[in-house]
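> Under numbering that gives the first Met the number 0, the first residue of the sequence shown carries the number 0, and numbering increases by one thereafter. Where is the CB? At the ideal position from N, CA and C, for every residue including glycine.
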Amino acid sequence: MTDPISPSPASPATADRAPLELPAAFGHAAAPTTPGRLAAPVTALPPEVTARTSALSLLARCDELAAYSTLPNGLIRRVYLTNEHRAVNALAATWMREAGMTTWQDAAGNQCGRLEGAVPGLPALVLGSHLDTVPSAGRYDGILGVLTAIAVVDRIHAAGIPLPFALEVVAFGDEEGTRFGRALLGSRALAGTFDPDWLDLTDENGVTLRDAYTTFGLDPQHLAAAARAPESLVGYLEAHIEQGPYLEEADRPLGIVSTIAGARRFAITVNGHAGHSGTPFDRRKDALAGASEIITMIESTARAAGLIATVGHLEVFPNAVNVIPGRVEFSLDLRAEFDEQRDRVWNDITSAITAICEARGLTFAVRQTHNAPAVACSPRLRGAISAGITATAGDPDPMLLLSRAGHDGMAVADVTDIAMLFIRCRGGVSHHPDEHVEAPDVSAATDAFELAVLSLAAATPLPTAPDSELR
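Right, here's the structure in full:
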């Protein structure tokens, strides 16, 4: 099933949605039914479902969610366990119910919806992404993935296709880690890897994560209730904008993630001695000059090793125009496809920091704030996404991409197999108001994601149950 795509940017989501001719491998009714497999009927959808699952509808919903923000003038900032979080959960729940799902908010504040399979109580294929943002964010990072997932469930429910597994959509409440400095809190809770020590984390106003849960109406002592057992899941699929330039450079709308890069984050403090700005250079212990040398070294070291390093936050103390900086605090985000390479480079960086500080008479301290190993996507689930892209976009050899950005799938991989579909974004720009996707690419992504689900259904044995329960 697909939204017709024409060369005109205005047309893809306004035309009626036509049935898509599917290969026999998808197990649809048009093909011979394999014993022990479900056959999914190819049917036209009701006009209202066609309309609300179209690309233009999904983009309009992205705009609607963007209004829930703590920033003025159309800028977007939406963080965990806030009124804005509560509001977007409620809106997502409305759309989930409209798509035929039962809904609930789990113990960690993730908004969940479920469509039962051929019989109630089957393990679930989870589709999801996140609804939180960075400061001054774009409209599509995470959000488009949640809306694509809801649209796919809406279509399958409307078509009356009985699946050999349940479908669940999870809109994670915290992926970015903007408020408490710890990423993937929502998906860590689902995976059962939430560390109780994190409850003592504080936001910029000194509010602890523990107190934020309570204010939001959740019990921090019951977070374990959000965890899923491995046997309750059959996998996790996520659609996401690429956040990189490679699909655009290759003139392809969609791609498949091979691996999500491992990431480590650090809070680094450089200590010197504050003093009068008239102090001679040979008498100074300038923490900012030392930190600047360190940051330049980090960039050159990472570049030479072929990985990614970012210093995105920096504070100077006492931060006065006529005072030599006595202390500097900054962040470091270090990412690589291979954990061994990342850790080796980190060791090189720490050795260089030591040498720089010794030469300048400074001291330093390091605190690791995040450690996520690289995650390879499941060949089984990647194959389903590949089949969806081939059937939708006519690409016989979909592009494989390393995700240098972190995603909820990194945490979910601790409890089930994962795979990701990437969607082209203009200029590779993300985490910025200029983040942009084209309607035809969104249409292609929704179709490919739907067909990935149906491909997995066709390859999954029927649940053991009396015939009457499968009708």
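Per DSSP, what are the beta-bridge partners of N103 in this structure?
If you number the sequence shown from 1, residue 103 lands on position 104. The sequence shown places Trp at residue 103, rather than the Asn named in the question. Answer is C111, bridged to W103.
> Taking only runs that begin and end inside the region 109–158, name each unbroken alpha helix (DSSP H) of 4 or more residues, in chain order.
If we require 4 residues or more, the alpha helix (DSSP H) runs fully inside the region 109–158 come out as 142–158.
> Leaving out five residues before and five after A262 in sequence, what residues of the same chain have Cβ atoms less than 6 Å from its Cβ?
Looking up residue 262 in the sequence shown gives position 263. Closer than 6 Å at the Cβ level, and outside the excluded window around A262, lie R334, A371 and G405.
> Does the separation of the CB atoms of E203 and M419 fall below 8 Å?
Stepping through the sequence shown from its first residue, residue 203 is reached at position 204. Stepping through the sequence shown from its first residue, residue 419 is reached at position 420. Going by C-beta atoms, E203 is not nearer than 8 Å to M419.
> From this set, A364, A410, R96 and H239, which residue's C-alpha is nearest F421's C-alpha?
Reading the sequence shown from its first residue, position 422 is the one you call residue 421. F421 has its Cα closest to that of H239, out of A364, A410, R96 and H239.
> When DSSP builds the beta bridges, which residues end up paired with L400?
Residue mapping note: residue 400 aligns to position 401 of the sequence shown, counting from 1. Answer is V256, bridged to L400.
> What do you get for A319, buried or exposed, if any count of 16 or more other CB atoms within 10 angstroms of its CB means buried?
Counting from 1 along the sequence shown, the entry for residue 319 is found at position 320. With fewer than 16 other Cβ atoms within 10 Å, it is exposed.
> Using only the alpha-carbon positions, how far apart do H435 and H272 sit?
Here residue 435 refers to the residue found at position 436 when the sequence shown is read from its first residue. Here residue 272 refers to the residue found at position 273 when the sequence shown is read from its first residue. If I take the Cα positions, the gap works out to 46 Å.
> Using only CA atoms, which one of A65, L57, V327 and T81 lies nearest to I75?
Stepping through the sequence shown from its first residue, residue 75 is reached at position 76. Comparing Cα-Cα distances from I75 to each of A65, L57, V327 and T81, the minimum goes to A65.
> For the region 341–352 against the region 376–383, are there 3 or more C-beta pairs whose distance is under 8 Å?
No contact exists between the region 341–352 and the region 376–383.
> In chain order, what residues of the same chain lie with their CB nearer than 6 Å to the CB of L184, ignoring the 5 residues before and after it?
Locating residue 184 in the sequence shown gives position 185, counting from the first residue. Answer for L184: D173, listed in chain order.
> Opposite N321 in the DSSP bridges: which residues?
Taking the first residue of the sequence shown as 1, we reach residue 321 at position 322. N321 is not bridged to any residue.
> According to DSSP, is R264 part of a helix, a strand, or is it coil?
Here residue 264 corresponds to residue number 265 of the sequence shown, with the count starting at 1. Residue state, collapsed to three classes: strand.
> Distance check for G387 and F25, CA to CA, integer angstroms please.
Residue mapping note: residue 25 aligns to position 26 of the sequence shown, counting from 1. Residue mapping note: residue 387 aligns to position 388 of the sequence shown, counting from 1. In this predicted model, F25 has a pLDDT of only 35, less than 50, meaning its place in the structure is not dependable; the value taken from the coordinates is given anyway. C-alpha separation (whole angstroms): 10 Å.
> Strictly by DSSP, which residues pair up with I240?
Here residue 240 refers to the residue found at position 241 of the sequence shown. In the DSSP output, where bridge partners are listed per residue, I240 has I422.
> Please report the residue range of the alpha helix (DSSP H) in which Q340 lies.
For the purposes of this step, residue 340 is taken as the residue at position 341 of the sequence shown. Where Q340 is concerned, the enclosing alpha helix (DSSP H) stretches over D338 to R359.
> Nearest to V168 by CA position, among A107, R326, T102 and G216, is which residue?
Residue numbering aside, residue 168 sits at position 169 when the sequence shown is read from its first letter. Among A107, R326, T102 and G216, the Cα nearest to that of V168 belongs to T102.
> Rounded to the nearest angstrom, what separates N109 and A158 at their Cα positions?
As a first step, residue 109 must be located in the sequence shown, where it is residue number 110. As a first step, residue 158 must be located in the sequence shown, where it is residue number 159. Looking at the two C-alpha atoms, the distance is approximately 27 Å.
> Who are D332's beta bridge partners in DSSP?
Position 333 of the sequence shown, counting from 1, holds the residue named residue 332. Partner(s): R264 and T309.
> Pick from V118, V145, A182 and R77: whose alpha carbon is nearest that of P134?
Locating residue 134 in the sequence shown gives position 135, counting from the first residue. The residue with the shortest Cα to Cα distance from P134 is R77.
> Output the distance between the C-alpha atoms of L126 and D281, rounded to the nearest integer angstrom.
Counting from one through the sequence shown, the residue named residue 126 turns up at place 127. Counting from one through the sequence shown, the residue named residue 281 turns up at place 282. Approximately 60 Å, taken between the alpha carbons.
> Drop a sphere of 10 angstroms on the beta-carbon of V233, count the other beta-carbons inside from all chains shown, and report buried for 16 or more, exposed for fewer.
The sequence position of residue 233 within the sequence shown is 234, counting from 1. V233 comes out buried.
> Does the Cβ of L130 lie closer than 7 Å to at least one heavy atom of the ligand COA?
With respect to the ligand COA, the structure offers nothing, as it holds no ligand at all.
> May I ask which residues mark the beginning and end of the beta strand (DSSP E) holding R366?
Position 367 of the sequence shown, counted from the start, is the residue given in the question as residue 366. Here the beta strand (DSSP E) through R366 covers T362 to A371.
> Excluding the 5 residues preceding and the 5 following H431 in the sequence, name in chain order all residues of the same chain whose CB lies nearer than 8 Å to its CB.
Taking the sequence shown and counting its residues from 1, one reaches residue 431 at position 432. Answer for H431: S135, A136 and G137, listed in chain order.
> Between C61, E336 and P119, which has its C-alpha nearest A308's C-alpha?
Position 309 of the sequence shown holds residue 308. The shortest Cα separation from A308 among C61, E336 and P119 belongs to E336.
> Between the beta-carbon of F193 and the beta-carbon of H129, is there less than 8 Å?
For the purposes of this step, residue 193 is taken as the residue at position 194 of the sequence shown. For the purposes of this step, residue 129 is taken as the residue at position 130 of the sequence shown. No, they are not a contact pair.
> Relative to the C-alpha of G47, which residue among H156, V327 and F179 is closest?
Here residue 47 refers to the residue found at position 48 when the sequence shown is read from its first residue. According to the sequence provided, residue 47 is Glu. The question's Gly does not apply to it. Cα-wise, what sits closest to E47 is H156.
> Out of D416, Q242 and N321, which has the shortest C-alpha to C-alpha gap to D433?
Here the question's residue 433 lines up with position 434 in the sequence shown. It is Q242 whose Cα lies nearest to the Cα of D433.
> If you reduce the DSSP assignment to three classes, tell me which class A226 lands in.
One-based indexing of the sequence shown puts residue 226 at position 227. Correct three-state label for A226: coil.
> Short of 7 Å in beta carbon distance, which residues of its chain neighbour E83, apart from the five on each side in sequence? Order them along the chain.
Against the sequence shown, residue 83 aligns to sequence position 84. Correct list, in chain order: Y67, S68, T69 and R77.
> Return the chain-ordered list of same chain residues with a C-beta closer than 8 Å to the C-beta of T300, the five sequence neighbours on each side being excluded.
As a working note, residue 300 is residue 301 in the sequence shown. Excluding sequence neighbours, T300 sits near A308, V344, D347, I348 and A351.
> Are F448 and T368 closer than 8 Å when you measure CB to CB?
The sequence position of residue 448 within the sequence shown is 449, counting from 1. The sequence position of residue 368 within the sequence shown is 369, counting from 1. No, Cβ-Cβ distance for F448 and T368 is not below 8 Å.
> Taking contact to mean 3 or more Cβ pairs, one atom from each stretch, closer than 8 Å, check whether the region 136–150 and the region 250–258 are in contact.
Segments in contact, no.
> Just the Cα atoms here: how many angstroms apart are L246 and K284?
What you label residue 246 is simply residue 247 of the sequence shown in a count that begins at 1. What you label residue 284 is simply residue 285 of the sequence shown in a count that begins at 1. Computed Cα separation, rounded: 47 Å.
> What residue range does the beta strand (DSSP E) around A170 cover?
Taking the first residue of the sequence shown as 1, we reach residue 170 at position 171. Residues A165 to F171.
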